[in-house]
Structures are given as structure tokens and as C-alpha cells.
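2 protein chains.
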Amino acid sequence: MTTIDATPLRGTERPGPRRQEVATRIKEYILRNRLKPGNPLPTEVELCEAVGASRSSVREAVKILSALDIVEVRHGHGTFVGRMSLNALVESLTFRGLLSGEEDHHVLGQVVDVRQTLEQGLAAEAIGLLDDAHRADLSALVDEMERLAAQGRDFLEVDRAFHLKLMEPLGNDLILQLTEAFWQVQAIVAPTLRTEPEDRVITAQRHRAIVDAVAAGDPARLRTAIAEHYAPIRASIARAVRS
Amino acid sequence: MTTIDATPLRGTERPGPRRQEVATRIKEYILRNRLKPGNPLPTEVELCEAVGASRSSVREAVKILSALDIVEVRHGHGTFVGRMSLNALVESLTFRGLLSGEEDHHVLGQVVDVRQTLEQGLAAEAIGLLDDAHRADLSALVDEMERLAAQGRDFLEVDRAFHLKLMEPLGNDLILQLTEAFWQVQAIVAPTLRTEPEDRVITAQRHRAIVDAVAAGDPARLRTAIAEHYAPIRASIARAVRS
DNA sequence: AGTAATTTGTGCGTATGTATG
DNA sequence: CCATACATACGCACAAATTAC
Numbered sequence: 003m004t005t006i007d008a009t010p011l012r013g014t015e016r017p018g019p020r021r022q023e024v025a026t027r028i029k030e031y032i033l034r035n036r037l038k039p040g041n042p043l044p045t046e047v048e049l050c051e052a053v054g055a056s057r058s059s060v061r062e063a064v065k066i067l068s069a070l071d072i073v074e075v076r077h078g079h080g081t082f083v084g085r086m087s088l089n090a091l092v093e094s095l096t097f098r099g100l101l102s103g104e105e106d107h108h109v110l111g112q113v114v115d116v117r118q119t120l121e122q123g124l125a126a127e128a129i130g131l132l133d134d135a136h137r138a139d140l141s142a143l144v145d146e147m148e149r150l151a152a153q154g155r156d157f158l159e160v161d162r163a164f165h166l167k168l169m170e171p172l173g174n175d176l177i178l179q180l181t182e183a184f185w186q187v188q189a190i191v192a193p194t195l196r197t198e199p200e201d202r203v204i205t206a207q208r209h210r211a212i213v214d215a216v217a218a219g220d221p222a223r224l225r226t227a228i229a230e231h232y233a234p235i236r237a238s239i240a241r242a243v244r245s
Numbered sequence: 003m004t005t006i007d008a009t010p011l012r013g014t015e016r017p018g019p020r021r022q023e024v025a026t027r028i029k030e031y032i033l034r035n036r037l038k039p040g041n042p043l044p045t046e047v048e049l050c051e052a053v054g055a056s057r058s059s060v061r062e063a064v065k066i067l068s069a070l071d072i073v074e075v076r077h078g079h080g081t082f083v084g085r086m087s088l089n090a091l092v093e094s095l096t097f098r099g100l101l102s103g104e105e106d107h108h109v110l111g112q113v114v115d116v117r118q119t120l121e122q123g124l125a126a127e128a129i130g131l132l133d134d135a136h137r138a139d140l141s142a143l144v145d146e147m148e149r150l151a152a153q154g155r156d157f158l159e160v161d162r163a164f165h166l167k168l169m170e171p172l173g174n175d176l177i178l179q180l181t182e183a184f185w186q187v188q189a190i191v192a193p194t195l196r197t198e199p200e201d202r203v204i205t206a207q208r209h210r211a212i213v214d215a216v217a218a219g220d221p222a223r224l225r226t227a228i229a230e231h232y233a234p235i236r237a238s239i240a241r242a243v244r245s
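These protein sequence lines map, in sequence, to chains A and B. For the first sequence, the tail end lands on 245 under my numbering, and the numbers increase by one without skipping. For the second sequence, the tail end lands on 245 under my numbering, and the numbers increase by one without skipping.
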């Protein structure tokens, strides 16, 4: 019957903003009922009655939760439990990068540091978990990179797929989503420093070196290959800082 | 002044929800005027006039941005540029952990994986950047841990300070905030599996081993010390999964 | 196919609480 | 203590999107 809480709390207590109270109630409702992503939530009017708040307050609370991807709102359909992606991290970091960036790019440099550290540490672990299918997929992706680079075209999506594929065998959702998130931040913030076509050929070669190191099962070589993969981007950042 | 955009866009185009449009405008306004955290934004009514939207739409947009810490609202005072912290990441991950957790705790395990990988990779780099003051601070924090552990008390805050101190010399804000964020997620989600007093003594010893490895300037030893530091938590998670 | 019902989106007015001076 | 400016909350009416009949 979509009962959220029997407590009236109307006029007596004032712990904080109304919307925060409502947002907390909605989160508790999801936890208490063990709802999973995609499950429907009560309608806005039902939520109003349940928590004893106006529709404006409920809507603001829902918008906060939707920004965190805790709930997902579909116009004319209803409100549902969200998938709790890291879109909020991407939004926040991207904006920080754009604001602090333009000439500076120190935020971008920090993102590169984190990406490199995660890949160096985790890909080394992933080596032992890779099977032939994974290695073939990685190699095919680099083939595609080289093909596109030879045509002078960029290969953003292939690059994204490669780095996700590298982390896939770990079976860790959080790592995959962090990889995706940091990749997106870099893809959005970095275009300000343009990549030259010859850089792309080099980048494709660096990915090939990573695949080779993986195939050889050599962790140390893999670490240096990953470090060299990020070298061009670091150089671009340094160049931008100098100017 | 406070002119955000002259475009009316009223009635003709409908790309998406109104609040999304308004949120984008506000972000563009911050970027265009190169505002820094703490700087004031136009009042709600001024924003309404500037973008040609109602109070409701503006308020919902502001609430979304405040959830991402892109803006900060102070009741009765005004709206200001936020500090773009990673609170949104903490909120989202914490809720995911609480929802998926209780018995499972696989999200918590993923967080531990990421923390360990980052610390192993970055602390090894930080070794060369540490000065005597840092080493003394780290040692003093472990002293405090041992003191509290001997009294049977917990030392959450000291632990937090320790892991931040370890990353401090890198001079990378993002890494510090990620460290803080993941620590908070673990601190909020983990209490469901209770820590025994004897575990705390062991944990204090593991931190001592980390400091010793840092003092010795031995990266390999540091990696194993960090791995052993997380061993008790992993054991607790495994114990919870078994039951 | 189309109409009605349901649900979220938007706009507006007003009253209240809160911080600043 | 008062006055001003601002955010907060509430309620209603209507628009737009989706679903179901």
C-alpha cells in the first residue's frame, strides 16, 4: 500500500530542509522494501501523502536523488529505482575540469594519474585471469585502431572499449564503472588540446605494446607499456601548461 | 548585470526537460564568468528572468546542481558556486552498498579492491616524496592507534587521517578526495560486520608495518604491507558471505 | 486508430522561515 | 528590535508524455 512512514512530524520538529527529509524517507523506503534497479516507486502524489509534504518538496527531493542516479524519472510513466551509476562523478569531475582547465589542465593531469595507477595495478592482476577469447578481443580492437589511425581518423569509441576490455576479467563492476567514468571525463575535458593524426598512430602502437605485454604474461613489461601509453597525453598537458 | 543568456527559446524548441536546460545555463554562466568556489550566483528570481523559466524549474535545476556540489545553497543568504567535492560519489556508492549489502557485501569488497590498488600504486610513488615531517606524522598516528587499540577503543578518525597523510605528498587533490570518498563508503557500509577489539590491535600492527616499509624506502615491502593491511577486512567480508 | 486515464512537467501566487544589517 | 532580502514550502491549474483500453 506504499506506506512509507507513519510518523507525521508536522510542525513539531525541524531537523533540516523538507526535501532532505523526504529524500531520506525515499531512500529508507527503497532499502526497507529491498527494491532493485528498475522497480517502480509510488507516484508523486502518493509520496506526498505518505510523507506529509507538498508536491514541490517531493519533486525537489526526487530530483536530488535522480541526480545521484538513485532514482530514475520517466516522464508520463513514473519514478523507478535508478541504477546508481557514476554519472554524478562524471558530471562533477567534468565540470571541475572545465572550470579549472582551458589553460591549466591540472585536473586532467590528476585524472590521468589515477587512470594509470588503476590500470597498472589491476591489469597486472588481470593477466592471470585472461583467456584466449579476451586476448583475441583486445588484439582485434588494436587492429581496428591501427586501421582507423592509418586513415587519419580518430578512434575514441575503440579506445574506450579497449580499456574496459582490459579490466573486464576482474569481475569487478566498480572498477569497470570507474574506468568508464574517468575515460569519459578525459574525453570531455581533453578535446581542448587537439590530438594530431600522427599522435594517433603512436597511440595505436602503445595499445599494441599493451596487448603484447599481456600476451607475454609479463607484469613488469605491462606496467611500462601502460606508462608509455599515457606519455603522449602527459606531454600534451605539459605543452598546454607551458604555453 | 547577471545576464545569463539573451536567447528566449520559449515555445519553439523542446530539447528536454526545462530544468535540464536551466541547469546547463547555470553551468555555462559559471564557466563563462570564470567563477570560483564560494562566488555568489544570481538570486532565484534573477535566474528566472535570465533564462525565462519559472521558480519551480529553476529551483529543481539548482537542487540537481547542489546534489553534485556544483552549487551550494545557503538558506536565507543566497546561492554560491560549490566546491565540487565527491560527496555525490559517496552518496551513490554508499547507497549501492547498503542496498546490495547486509549479507552480500560484494560492493564493499569492490571498494576494498580499489582502495588497495590505489594505495599500492601511489604510496610506492610517494615514498620518494616523503620528508621527515611526513614520516613523523605517520608514526605519531600509528602511536595513537596502538594507544586506542590497547584501551579497546576504535580509531576510525585516526585511520582516516593516516590514509590521507599517506597520499598527501603526491600533491594530487583528486587522489586525496578519492581516498576520502572510498574511506567514507567503507566506514558507512562496513559497520554491519562488527570489528572485534583484537582485530583492532592487529590493524594497528598492520599500519605500523606500512610506516616501517615507508621508512625503509622499500616499495615491494610497502606493497605487501598494504595488502596485509586489507587482509582482515577481506576476511570479515568472506566470513559474512559464508554465513 | 484513437480516445481517455494516469503520471510527470511547468508556471504562478502566497505565506513562512532565516540571515544580514 | 526592526526592516530588508532571500530561500523555503505549499497548493493549485494546466501542459506534455506515456500507457491502456
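Don't be surprised by glycine CBs; every beta carbon is placed ideally from N, CA and C.
- Within the same chain, Leu140, Ser141 and Val144 come within 6 angstroms of B/Val213 by CB-CB distance, once the 5 residues on both sides are set aside.
- The beta carbon of B/Leu91 sits closer than 7 angstroms to some beta carbon of chain A.
- Each residue's CA atom was taken as its position, placing B/Cys50 and B/Tyr31 some 14 angstroms apart.
- DSSP, reduced to helix, strand and coil, places A/Phe82 within a strand of the structure shown.
- Approximately 6 angstroms separates the beta-carbon atoms of A/Val92 and A/Val187; this is inside 8 angstroms, confirming the contact.
- For B/Met86, the chain A residues whose Cβ falls inside 7 angstroms of its Cβ are Ser94, Phe97 and Arg98, in order along the chain.
- Fully enclosed beta strand (DSSP E) runs of no fewer than 3 residues occupy 73-76 of the region 17-79 of chain B, in order along the chain.
- Contact between the region 152-164 of chain B and the region 122-129 of chain B is not established, with fewer than three Cβ pairs separated by less than 8 angstroms.
- If you draw a straight line from the Cα of B/Ala135 to the Cα of A/Arg225, it is about 31 angstroms long.
- Look at B/His107 here: in three-state DSSP terms it is coil, with no helix or strand label.
- Secondary structure at B/Leu195: coil, using DSSP grouped into helix, strand and coil.
- Distance from B/Ala128 to B/Leu168 at the Cβ level is roughly 7 angstroms; contact confirmed, criterion being Cβ atoms closer than 8 angstroms.
- For the set A/His108, A/Leu70, A/Ala189 and A/Ile228, the Cα lying nearest the Cα of B/Asn174 is the one of A/His108.
- The three-state reading of DSSP puts B/Ser87 in coil, since its state is none of H, G, I, E or B.
- Across the structure, A/Leu132 and B/Ala90 are spaced so that their CA atoms are roughly 33 angstroms apart.
- Membership of B/Phe164 in the alpha helix (DSSP H) is indicated by the continuous run Leu158 to Met169.
- Residue contact check for A/Gln122 against chain B: a CB pair falls below 7 angstroms.
- Note on A/Ser56: under 16 other CB atoms within 10 angstroms of its CB, so exposed under the neighbour-count rule.
- The beta carbon of B/Ile190 sits closer than 7 angstroms to the beta carbons of Thr96 from its chain, once the five residues preceding and following it are set aside; these are given in chain order.
- The shortest C-alpha to C-alpha distance from B/Thr26 to any of B/Ala242, B/Ala52, B/Arg149 and B/Arg241 is the one to B/Ala52.
- Contact annotation: A/Lys65 and B/Glu62 have beta-carbon atoms nearer than 7 angstroms.
- The continuous stretches of alpha helix (DSSP H) do not include A/Leu172, and DSSP gives it neither H nor E.
- A Cβ-Cβ contact shorter than 7 angstroms links A/Ala183 with A/Leu88.
- The three-state reading of DSSP puts B/Gln118 in helix, counting H, G and I together.
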